[in-house]
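These notes are about the structure you will find just below.
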Amino acid sequence: MNLSDLAAKGARPLGVLVSHMLGDSDVRFIEGLREILGEYDVALLGGDTVRAEGRRVWGCTAVGKATHTPAPDRRGARAGDAVFVTGTLGYAMLGLGDRASGSRADLAYRRPRPLVAEGIALAPHVTAMMDVSDGLLLDAWRLAHASGVELALDSTQVPVADPQKAGECMRWGDDYQLLFTAPADAALPVAAARVGTVTGGPSGLSLDGKIFPDAEGLGYRH
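Take a look at the structure:
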């Protein structure tokens with residue numbers, strides 16, 4: 001999640017600070033942390049560890065350096081831009097019911113991959129960008145309101161893992177794909193589906209012409 005946030009800023013990860021309430025059975029967590037930090041060449045800068053019984057508590061802060069100035073944020077979408085999303089949405093949702101199988105859906109749920117290289121490549125081309133962690137519809141609603149525009153999405157253009165559950169795939173979250181806006185004629189360096197258009201209407205989200213006045217029911221809210 002932390003590296004995905006950096007990816008959405010087009011930032012190169014430098015290190016993480018980890019706070020960890022340790023127990024006797026946390027070897028797999030430590031091995032997984034070592035693996036992901038090694039894969040992305042990220043240093044463990046420090047943090048804090050304590051030992052305690054009962055429920056575990058973890059906290060992680062990632063530090064990165066922007067590779068493009070200004071770094072992308074949610075506020076730059078402009079009327080006339082196209083709306084894009086990387087990857088296929090909904091595999092994490094399907095993986096919740098397919099845990100430990102080793103399937104694509106299972107791995108999407110248990111071992112999501114932050115799109116760091118993709119975010120860095122996209123940073124010079126986008127007008128706004130964020131990661132899809134709480135569901136495409138909710139995150140698109142947030143981006144629209146931050147930019148003061150309307151995002152008009154076409155559900156038939158959204159790549160989903162299960163077309164029979166398209167609505168759920170667009171709301172469930174934990175996909176960690178990149179949602180971004182860019183000029184419609186932009187030559188993108190990363191494969192992405194065009195899923196909508198930015199209009200100059202009142203701030204908000206529409207899907208197939210249906211306007212959502214608020215964020216209720218659009219995704220995971222926390």
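104 is the number that full-length UniProt numbering gives to position 104 of the sequence shown; each next residue is one higher, with no gaps.
Where a beta carbon is used, it is the ideal one built from N, C-alpha and C, also for glycine.
C-alpha gap between residue i and residue j, whole angstroms
i	j	result
Arg169	Gln177	Reading the sequence as shown, one finds Cys at residue 169 and not Arg. Taking the straight line joining both Cα atoms gives about 13 Å.
His68	Gly54	44 Å
Ala152	Ala123	22 Å
Gly209	Thr181	19 Å
Gly167	Ala105	17 Å
Pro183	Val195	13 Å
Nonlocal neighbours in the same chain, by C-beta distance under 8 Å from residue i, ignoring five residues either side
i	result
residue 223	Examination of residue 223 is not possible in this model, given that the chain is present from 1 through 222 alone.
Same chain only: Cβ atoms within 6 Å of residue i, ignoring 5 sequence neighbours per side
i	result
Arg51	Leu22
Leu45	Gly15, Leu17
Gly59	Ser19
Backbone secondary structure at residue i - three-state DSSP
i	result
Leu218	coil
Lys9	coil
Thr156	helix
Leu188	coil
Glu53	coil
Trp58	strand
Arg194	strand
Ala161	coil
Burial state of residue i (16 or more Cβ within 10 Å)
i	result
Pro13	buried
Val85	buried
Ala191	exposed
Ile30	exposed
Lys9	buried
Gly200	exposed
Asp81	buried
Glu39	exposed
Close-in-space but distant-in-sequence residues of the same chain around residue i (CB under 7 Å, 5 per side omitted)
i	result
Arg74	Ala128, Met130, Arg142, Leu143, Ala146, Ser147
Contiguous beta strand (DSSP E) assignments of at least 3 residues, all confined to the stretch 78 to 129
Restricted to the stretch 78 to 129, the beta strand (DSSP E) segments that are unbroken, complete and at least 3 residues in length are 82 to 85, listed in chain order.
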